[in-house]
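Under my numbering, the sequence shown is numbered contiguously, ending at residue 377. We put the CB at the ideal spot given by N, CA and C, even for glycine. The block underneath contains the structure these notes are about, expressed in structure tokens.
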Amino acid sequence: MSGSRGRVARPDYPPRPAPSAKLATMTEAAAKPAARPSTLPAKPRAFSGIQPSGITHLGNDLGAIRNFVALQNRGVAEGFETIYCIVDYHALTSSHDPEILRLRTLEMAASLIALGLDPDKCTLFVQSHRPEVTELCWLFNTVTPVGWLLRTPTYKEKRANQPDDINHGLLTYPVLQAADIVLWKASLVPIGKDQAPHLELSREIVRAFNARYGETFPEPKAVYTEAPVVLGTDGVKKMSKSVGNTIEILGEPDVIRKQVMSMVTDTQRIMRSDPGRPQVCNVCQMHRHFGADYEEVWEGERTARTGCVDTKKLLAERIIAHYAPARETYRELMADLPRLRRTLEEGAERIRPIAEATMAEVRERMGLR
Ligand code: AQP
């Protein structure tokens, strides 16, 4: 074809000019933020959040809340701060009724206190009571590539679970989570293993921010319990409200009995006389957390001295007994909602200075003030 002969390949955009000496210096300066004295807290701080979902299940307690309490007590002994938050902003990413959300927030606060958080030893507050976190989330959005968020497993899951409501908050959820943690410059994060991909993303966001604006935030690290993944009553999937395989630890004893009795045990143990395999039986594994004699319980299964029904009945009664004092405290707390609200307001107020100091530093580093 005439005309095409001798044509040289050309880029379809104008070539970039060679960097001038001045431009190169500016780029280097931007890449290497000026050294400043560290503003990281002298002692590590712990932070974790939990959704105001209404139900507190065994997975929440064994996988995370036990460590909230352990860290709270360690914090008192070692002189570091522990901060726990009911994440109502996060809850807005799924359809909700405003009145129910308000109630669920109080229920979660009562559950956490009943399970061992002491507002005199730690700070317990509601996420939306410290709105600085939304500003930090926006600022973090500007250092977070969209690709990181699109790859988040929970985003993919939620897209599938709520196809009619794929709101932007679902995508930004992990950025808000990163802001939740590091607004307090916290580095210890008690969570279950299901949250590991989110925490990894928080670490990447912190690295991206620190690389651009200088060492501002510590990289948060997960603190796991001995049961970082608690399986549900189906014995297959992680215990989860959305799956409907939960054991509601603060529920009525009969509810707990019903849920435990529905648990799937060793699927290869068909006859009562068949020996069981405690190492794969979810009921046997849960016994670990509810009695020092769990190896005896396992032995009963292994030798078929006990049947699965016996082992489940025992587990149900032990769970009911273990959580009986918490159930009582929960009821007392829910009977005085104004007092509970005051506790949460005081929590948010107590940590206001930390949030204000972090935001002042961040705005200054980013050129906003
Ligand atoms: N099954 C679990 N095993 C171990 N840890 C778990 N956690 C939750 N389930 C398990 C941990 O509990 C903390 C609070 O999590 P959340 O706010 O996501 O609580 P949730 O909404 O009650 O969790 P679900 O039931 O799994 O919610 P859905 O079904 O709505 O998605 C976290 O540290 C979490 O790791």
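CA nearest to the CA of residue i, picked from the options
i      : options                           : result
THR319 : ILE121, LEU352, GLU208 and ARG285 : ARG285
PRO85  : VAL237, ARG326, THR314 and CYS130 : As written in the sequence, residue 85 is Ala, which differs from the Pro given in the question. Measuring from the Cα of ALA85, the nearest candidate turns out to be CYS130.
THR337 : LEU123, GLN135 and GLY155         : LEU123
VAL172 : ALA230, GLU143 and SER102         : The residue you asked about is not Val; residue 172 is Asp in the sequence shown. The option with the nearest alpha carbon to ASP172 is SER102.
TYR302 : LEU322, ASN81, TYR331 and VAL214  : LEU322
ALA356 : THR150, ILE327 and GLN135         : GLN135
GLU260 : ARG215, VAL231 and ALA334         : ALA334
THR150 : ASP126, PHE217, ARG112 and ALA332 : PHE217
THR352 : VAL77, PHE133 and GLY243          : Correcting the residue identity first, residue 352 is Leu in this sequence and not Thr. Cα-wise, what sits closest to LEU352 is PHE133.
LEU144 : TRP192, LEU111 and ARG167         : TRP192
ARG110 : PRO153, ARG82 and GLY62           : GLY62
ASP274 : ASN290, THR311 and LEU207         : ASN290
ASP202 : GLU234, LYS246 and ARG215         : LYS246
ILE328 : HIS297, ASN81 and LYS249          : HIS297
PRO127 : LEU70, VAL288 and ILE359          : ILE359
SER248 : SER56, GLU340, LEU70 and LEU48    : LEU70
LEU258 : HIS295, MET342, GLN287 and ALA368 : MET342
VAL268 : GLU309, MET294 and GLU364         : MET294
LEU125 : GLN287, ILE213 and ALA72          : ALA72
Heavy atom of the ligand AQP within 8 Å of residue i beta-carbon
i      : result
LEU352 : no
LYS246 : yes
ASP173 : no
VAL286 : Just to set this straight, residue 286 is Pro in the shown sequence, not Val. No; taking the cut-off as 8 Å, the Cβ of PRO286 has no heavy atom of the ligand AQP nearer than that.
THR254 : yes
VAL231 : no
GLY177 : no
HIS104 : no
ALA78  : no
GLY259 : no
LEU70  : yes
VAL141 : no
ALA168 : no
ILE189 : no
ASP262 : no
ALA194 : no
GLY200 : yes
HIS65  : yes
SER281 : no
PRO236 : yes
GLN203 : yes
LYS320 : no
ILE91  : no
CB contact flag (residue i, residue j, <9 Å)
i      : j      : result
THR162 : MET116 : no
PRO139 : ALA99  : no
ARG53  : ILE94  : no
PRO226 : ALA204 : no
THR3   : LEU157 : There is no way to answer for residue 3, as the model of the chain reaches only from 9 to 377.
LEU79  : VAL238 : no
GLN185 : LEU178 : no
CYS292 : TRP306 : yes
GLY299 : ARG265 : no
VAL251 : ASP262 : no
ALA118 : LEU348 : yes
VAL231 : LEU196 : yes
PRO182 : SER210 : yes
PRO198 : ASN75  : yes
SER46  : GLU223 : yes
HIS283 : THR311 : Residue identity check: residue 283 is Pro in the sequence provided, not His. Against a cut-off of 9 Å, the Cβ pair of THR311 and PRO283 comes out as a contact.
VAL190 : THR366 : yes
LEU114 : ILE58  : no
LEU48  : MET374 : no
For residue i, three-class secondary structure by DSSP
i      : result
THR47  : coil
GLU260 : coil
THR35  : Confidence in THR35 is poor, its pLDDT being 46 and thus under 50, which makes the residue's placement unreliable; the coordinate value appears in the next sentence. DSSP places THR35 in helix when its eight states are reduced to three.
PRO361 : helix
PRO198 : strand
LEU191 : coil
VAL288 : coil
ALA29  : Because the pLDDT of ALA29 is 41, which lies under 50, any placement of that residue in the model is unreliable, and the number read from its coordinates should be weighed accordingly. Three-state result, ALA29: helix.
LYS229 : strand
ALA17  : Any answer about ALA17 is weak, because its pLDDT of 41 lies below 50 and its placement is not dependable; what the coordinates show is given next. Looking at ALA17 - three-state DSSP - the assignment turns out to be coil, as it is neither helix nor strand.
LEU322 : helix
MET367 : helix
LEU376 : coil
LYS245 : coil
Entirely within the stretch 52-114 and at least 4 residues each: give me those alpha helix (DSSP H) ranges in chain order.
74-86 and 96-99, all fully within the stretch 52-114.
Which runs of the beta strand (DSSP E) spanning at least 3 residues fall entirely within the stretch 119-171, listed in chain order?
With a minimum length of 3 residues, the continuous beta strand (DSSP E) runs that stay inside the stretch 119-171 are 131-134.
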